[in-house]
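The numbering used here applies: residue 41 is where the sequence shown begins, and numbers increase by one. Every residue gets a Cβ at the ideal spot worked out from N, C-alpha and C, and that includes glycine.
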Amino acid sequence: TKDQERLLKLTNQLAQDRLVFDATIYDSQGVRLASSDEALSVREVLGLDTPLATASIGRQQLVEPVLADGAVIGFVRVTFETGRVTAISDHHYRKSDRYMYMMVLMSFVCGMLFIMILRRQPIRRKKAENLLLTK
Numbered sequence: 041t042k043d044q045e046r047l048l049k050l051t052n053q054l055a056q057d058r059l060v061f062d063a064t065i066y067d068s069q070g071v072r073l074a075s076s077d078e079a080l081s082v083r084e085v086l087g088l089d090t091p092l093a094t095a096s097i098g099r100q101q102l103v104e105p106v107l108a109d110g111a112v113i114g115f116v117r118v119t120f121e122t123g124r125v126t127a128i129s130d131h132h133y134r135k136s137d138r139y140m141y142m143m144v145l146m147s148f149v150c151g152m153l154f155i156m157i158l159r160r161q162p163i164r165r166k167k168a169e170n171l172l173l174t175k
């Protein structure tokens with residue numbers, strides 16, 4: 041049907057994102073309506089059939105209800121590649137760390153320059169008269 045094709049197009053569009061492994065849409069009873077081209081079943085993604093669920097390592101699932109008029113009409117399941125998500129955040133953390141180190145270094149250099157400028161100028165004090173020696 042036309043709705044089925046639109047749902048299939050939507051799941052494939054979701055799966056095109058570089059962080060997304062697959063996407064699937066279910067009805068309110070949990071029956072699969074549409075899934076992206078390379079989608080795995082829930083059992084495969086969760087690794088239920090493998091020892092210690094090793095197949096699920098490196099993947100994170102997000103399941104969200106689809107609401108219409110306050111009632112749940114279905115669910116969207118999106119599986120993310122954890123390594124890709126953390127790689128992006130790690131890059132941003134490293135970048136912010138570099139900025140922080142540069143700011144600390146610049147503060148140190150500015151402090152040293154400030155001290156050098158202050159030490160260059162001799163401290164000018166008025167010579168106080170020795171009151172004991174004056175008559």
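{"Check": "What does the Cβ neighbour count give for Asp62, buried or exposed, with the cut at 16 atoms within 10 Å?", "Outcome": "buried"}
{"Check": "Excluding the five sequence neighbours on either side, which residues of its own chain have a C-beta within less than 8 Å of the C-beta of Gly114, listed in chain order?", "Outcome": "Ile65, Tyr66, Asp67, Ser68, Leu73, Pro105, Val106"}
{"Check": "Mind checking Ser76: buried by the 16 CB within 10 Å criterion, or exposed?", "Outcome": "buried"}
{"Check": "Just reading off the beta strand (DSSP E) that Thr119 is part of, what are its end residues?", "Outcome": "111–121"}
{"Check": "Mapping DSSP to helix, strand and coil, what is Ser76?", "Outcome": "coil"}
{"Check": "Pick from Val118, Tyr139, Arg134, Arg138: whose alpha carbon is nearest that of Leu102?", "Outcome": "Val118"}
{"Check": "Looking only at its chain, what residues have a beta carbon closer than 8 Å to the beta carbon of Gly123, apart from the 5 residues adjacent to it on each side?", "Outcome": "Gly98"}
{"Check": "Going along the chain, which residues of its own chain have a beta-carbon closer than 8 Å to the beta-carbon of Leu47, five neighbours each way excluded?", "Outcome": "Ile65, Leu73, Ala74"}
{"Check": "Could you tell me the alpha carbon to alpha carbon distance between Phe120 and Val60, rounded to whole angstroms?", "Outcome": "5 Å"}
{"Check": "Quick check on Thr64: does DSSP put it in helix, strand or coil?", "Outcome": "strand"}
{"Check": "Hey, could you find the ends of the alpha helix (DSSP H) Leu47 is sitting in?", "Outcome": "42–55"}
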